[in-house]
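*Asks:*
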Amino acid sequence: MFESLSDRLGNVFEKLRGKGALEEKDVNEALREVRVALLEADVALPVAKDFIAKVKERAIGAEVLRSVTPGQQVVKIVHDALVDMLGGEGETSLSFATTPPAAIMMVGLQGSGKTTSTAKIALRLQKRKKKKVLMASLDTRRPAAMEQLQILGEQAEVKTLPIIAGQSPRDIANRAMEAGKLGGFDVVMLDTAGRLSIDEQLMTEIADINKATNPIETLLVVDALTGQDAVQTAEKFKQRVPVTGVVMTRIDGDARGGAALSMRAVTGAPIKFVGVGEKIDALDTFEPERMAGRILGMGDIVSLVEKASEEMDIEKAKKAAKKMAKGDFDMNDLADQFRQMRKMGGMGAILGMMPGMGKMKKMVDQAGGLDDKEIVRQEAIISSMTKKERSSPKLLNASRKKRIAAGSGTSVQEINKLIKAHRQMADMMKKMGKGGMKGMAKQLAG
Ligand code: GDP
């Protein structure tokens, strides 16, 4: 099973608690895990090695913040290094020529999502940047590809160049640029032909059109699901055309995100957009921060570390943890947790931020999630309880529940749900107290 980097580090760092500064031995052990995790996330080996060396340099000797564990701190260092390495530019970096129309050339293998991405970008430029966009398909070998672009154009309400049978790709490109000029378009998007694999003829054709149209952007479309193959494809395209940016599609299907890291490191080309679904608006600008979080695992230790140093009342948290471990987790403690959660951005956010808690977060999400509004309601329920009820929830019989429901403006069902959630949490805390994280992980897995 794929274990997220955060989870792995969580295990290593259990041992490091209470240390004042990060030592080389500790860092080395942690970085071994980072390396395995990167490789599992589909990062190329030389890239992973290079990355580890950079992190090591930063981590050794770093002062450990009082309010976080050394493990969390290393995760933060790893995260920051990931962001640096991913360092892509966003949409704003798409440049436009001073004399329109500006050509944007789309290249990539067949099936990479090139045509879909062409329409997605056109729609985005038209809608958000108020550019007048014309799209043209240069794929003369597959008439279906031309029709596909036309249909997408109709959906997105972006103009497409009328199809004329028998023209060469080069002729179509010229006609598109001409039509762009005459029609007052700001941008002409050229969707070039793709092949199942790279061949010389295709490369010559693309290089030729590239020279003729002199595009301001040549965007290479690659499928994230093909991982390292995508990186190799990118290298080959880069040898023949001046790729100015990468569009990585099917990010929605690749939870690992490692290809993005290799892509950037190996090709040097910035990832400008990511495809996040089949729909015409399923396109995001590339956010290194978000991608780093993804490579690290579902968790976002980084913001936990940042928030922890600002907001957590450590002494209080320690006391609560002790109580919980003993199994004395009453409604007062639950109310405290809710307050803390609200400060830090919701139950899901907190669970998602803790290593090893990915599964628990899933459970909460499956149970319908707990958003801020929900938390406020839960707090209202607890504050409608008497002191006695709060410290021994067992007292909560039918008539008491009715009273509380009336007092908090909720229903008996909601109160039952809270009681159940409390009981489950108390049980879980107890197990955590006994077996530590590992005990609980076993519990959750079983
Ligand atoms: P082309 O041959 O490179 O032009 O590829 P297409 O644009 O025809 O895309 C091939 C398939 O991939 C289509 O079914 C698209 O809907 C799908 N597709 C494209 N981009 C994405 C994406 O970001 N996410 C998902 N899930 N599907 C995508």
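All residue numbers for the sequence shown refer to full-length UniProt numbering, where the first residue is 1 and numbers rise by one. Just so you know, even glycine gets a beta-carbon here, dropped at the ideal spot from N, CA and C.
For G407, which residues of its own chain have a beta-carbon under 8 Å away from its beta-carbon, when the five flanking residues on both sides are left out?
*Replies:* Taking the sequence shown and counting its residues from 1, one reaches residue 407 at position 407. Only S384 meet the Cβ criterion.
*Asks:* Locate the alpha helix (DSSP H) running through G258, then write down its first and last residues.
*Replies:* For the purposes of this step, residue 258 is taken as the residue at position 258 of the sequence shown. Run containing G258: 258–267, per the alpha helix (DSSP H) assignment.
*Asks:* Per DSSP, what kind of secondary structure is I271 in: helix, strand or coil?
*Replies:* Within the sequence shown, numbered from 1, the residue matching residue 271 stands at position 271. In the structure shown, I271 sits in a strand (DSSP, three-state: E or B).
*Asks:* With a threshold of 7 Å (Cβ to nearest heavy atom), would R124 be considered close to ligand 1?
*Replies:* Translated into positions along the sequence shown, residue 124 becomes position 124. No; taking the cut-off as 7 Å, the Cβ of R124 has no heavy atom of ligand 1 nearer than that.
*Asks:* Got a sec? Which residues, its chain only, sit under 7 Å from V274 by beta carbon, not counting five neighbours each side?
*Replies:* Start at 1 with the first residue of the sequence shown, and residue 274 comes out as number 274. Excluding residues within five positions, the ones whose Cβ falls inside 7 Å are M248, I251, D284, F286.
*Asks:* For a quick check, are the C-beta atoms of T192 and V107 less than 8 Å apart?
*Replies:* Counting from 1 along the sequence shown, the entry for residue 192 is found at position 192. Counting from 1 along the sequence shown, the entry for residue 107 is found at position 107. In this structure, V107 lies closer than 8 Å to T192 by Cβ.
*Asks:* Can you find the residues in the same chain that come closer than 6 Å, C-beta to C-beta, to A122, ignoring five residues on each side of it along the sequence?
*Replies:* Position 122 of the sequence shown, counted from the start, is the residue given in the question as residue 122. The residues are V133, M135, V158, M189.
*Asks:* What three-state label does DSSP hand K159 in the structure shown?
*Replies:* Taking the first residue of the sequence shown as 1, we reach residue 159 at position 159. Of the three classes helix, strand and coil, the one that applies to K159 here is strand, per DSSP.
*Asks:* Taking the straight line between their C-alpha atoms, what separation do you get for V339 and I404?
*Replies:* Residue mapping note: residue 339 aligns to position 339 of the sequence shown, counting from 1. Residue mapping note: residue 404 aligns to position 404 of the sequence shown, counting from 1. This sequence places Arg at residue 339; Val is not what is there. The straight-line gap from Cα to Cα measures roughly 20 Å.
*Asks:* According to DSSP, is V74 helix, strand or coil?
*Replies:* If you number the sequence shown from 1, residue 74 lands on position 74. Three-state DSSP puts V74 in a helix.
*Asks:* Do I52 and V34 count as a contact pair if the criterion is CB distance below 8 Å?
*Replies:* For the purposes of this step, residue 34 is taken as residue 34 along the sequence shown, with counting starting at 1. For the purposes of this step, residue 52 is taken as residue 52 along the sequence shown, with counting starting at 1. In this structure, I52 lies closer than 8 Å to V34 by Cβ.
*Asks:* Do P162 and E205 come within 8 Å of each other at the CB atom, strictly closer than that value?
*Replies:* Within the sequence shown, the letter at position 205 stands for residue 205. Within the sequence shown, the letter at position 162 stands for residue 162. No, Cβ-Cβ distance for E205 and P162 is not below 8 Å.
*Asks:* When you compare each of L202, G258, I216 to K228 by their alpha carbons, which one comes out closest?
*Replies:* For the purposes of this step, residue 228 is identified with residue 228 of the sequence shown, where counting begins at 1. Just to set this straight, residue 228 is Gln in the shown sequence, not Lys. It is G258.
*Asks:* Helix, strand or coil: how does DSSP classify I104 here?
*Replies:* In the sequence shown, residue 104 corresponds to position 104, counting from 1. Three-state result, I104: strand.
*Asks:* Measuring CB to CB, does L138 end up less than 8 Å from I209?
*Replies:* What you label residue 138 is simply residue 138 of the sequence shown in a count that begins at 1. What you label residue 209 is simply residue 209 of the sequence shown in a count that begins at 1. The answer is yes: Cβ separation under 8 Å.
*Asks:* At what residues does the beta strand (DSSP E) containing S137 begin and finish?
*Replies:* The residue labelled residue 137 in the question sits at position 137 within the sequence shown. Run containing S137: 133–137, per the beta strand (DSSP E) assignment.
*Asks:* Consult DSSP for M385 and reduce its assignment to one of helix, strand or coil.
*Replies:* Position 385 of the sequence shown, counting from 1, holds the residue named residue 385. Correct three-state label for M385: coil.
*Asks:* What does the Cβ neighbour count give for D427, buried or exposed, with the cut at 16 atoms within 10 Å?
*Replies:* What you label residue 427 is simply residue 427 of the sequence shown in a count that begins at 1. When all chains shown are included, D427 counts as exposed.
*Asks:* If I measure Cβ to Cβ from G409 and keep anything under 8 Å in the same chain, skipping five residues before and after, which residues do I get?
*Replies:* Your numbering for residue 409 matches position 409 in the sequence shown. If we look at G409 and ignore the five residues flanking it on each side, its Cβ neighbours are A380.
*Asks:* Do V83 and P288 have their beta-carbon atoms positioned less than 8 Å apart in this structure?
*Replies:* Residue 288 sits at position 288 when you count from the first residue of the sequence shown. Residue 83 sits at position 83 when you count from the first residue of the sequence shown. Their beta carbons are under 8 Å apart, which means P288 touches V83 by this criterion.
*Asks:* So R390 and M331 are in contact, right, with Cβ under 8 Å, and what is the actual spacing, rounded?
*Replies:* The count along the sequence shown starts at 1 and reaches residue 390 at position 390. The count along the sequence shown starts at 1 and reaches residue 331 at position 331. Right, their Cβ atoms sit about 4 Å apart.
*Asks:* Going by C-alpha distance, which of L38, Q126, P215 is nearest V241?
*Replies:* The residue you call residue 241 lines up with position 241 of the sequence shown. Per the Cα distances, P215.
*Asks:* What is the DSSP secondary structure of G183, counted as helix, strand or coil?
*Replies:* For the purposes of this step, residue 183 is taken as the residue at position 183 of the sequence shown. G183: coil per DSSP, three-state reduction.
*Asks:* Tell me where the beta strand (DSSP E) around L220 begins and ends.
*Replies:* Here residue 220 refers to the residue found at position 220 when the sequence shown is read from its first residue. Run containing L220: 217–223, per the beta strand (DSSP E) assignment.
*Asks:* Report the residue from T115, V221, T233 whose alpha carbon sits nearest the alpha carbon of G245.
*Replies:* For the purposes of this step, residue 245 is taken as the residue at position 245 of the sequence shown. The candidate whose alpha carbon is nearest that of G245 is V221.
*Asks:* How close, in whole Å, do the beta carbons of L94 and A260 come, if the pair is a contact with beta carbons under 8 Å?
*Replies:* Here the question's residue 94 lines up with position 94 in the sequence shown. Here the question's residue 260 lines up with position 260 in the sequence shown. The Cβ separation is near 19 Å, so there is no contact.
*Asks:* So, for Q179: in the same chain, excluding its five sequence neighbours on each side, which residues have a beta-carbon less than 7 Å away from its beta-carbon?
*Replies:* As a first step, residue 179 must be located in the sequence shown, where it is residue number 179. It is worth fixing the name first, because residue 179 is Ala in this sequence and not Gln. Hits under 7 Å: L134, L161.
*Asks:* The beta strand (DSSP E) with V247 in it runs from where to where?
*Replies:* Against the sequence shown, residue 247 aligns to sequence position 247. 245–249 is the span of the beta strand (DSSP E), which, as asked, contains V247.
*Asks:* List the whole-angstrom C-beta distance separating V187 from P101, where the pair is believed to meet the contact cut-off of C-beta under 8 Å.
*Replies:* The residue you call residue 187 lines up with position 187 of the sequence shown. The residue you call residue 101 lines up with position 101 of the sequence shown. Contact between V187 and P101 holds, since their C-beta atoms are separated by about 6 Å, short of 8 Å.
*Asks:* Measuring straight from C-alpha to C-alpha, what distance separates I415 and L38?
*Replies:* Within the sequence shown, residue 415 is the residue found at index 415, counting from 1. Within the sequence shown, residue 38 is the residue found at index 38, counting from 1. Distance between the alpha carbons of I415 and L38: 44 Å.
*Asks:* Would you mind reading off the limits of the beta strand (DSSP E) that contains L283?
*Replies:* For this step, residue 283 is matched to residue 283 along the sequence shown. Unbroken beta strand (DSSP E) run through L283: 283–285.
*Asks:* Looking at A103 and S262, is the spacing between their C-beta atoms short of 8 Å?
*Replies:* As a working note, residue 262 is residue 262 in the sequence shown. As a working note, residue 103 is residue 103 in the sequence shown. Not closer than 8 Å, so no.
*Asks:* Taking Cβ to Cβ, would you say Q110 is nearer than 8 Å to L196?
*Replies:* Numbered from its first residue, the sequence shown carries residue 110 at position 110. Numbered from its first residue, the sequence shown carries residue 196 at position 196. Cβ distance < 8 Å, so Q110 and L196 count as in contact.
*Asks:* From the DSSP secondary-structure annotation, give me the bridge partner or partners of L190.
*Replies:* Your numbering for residue 190 matches position 190 in the sequence shown. Looking at the DSSP assignment, L190 forms a beta bridge with M105, A136.
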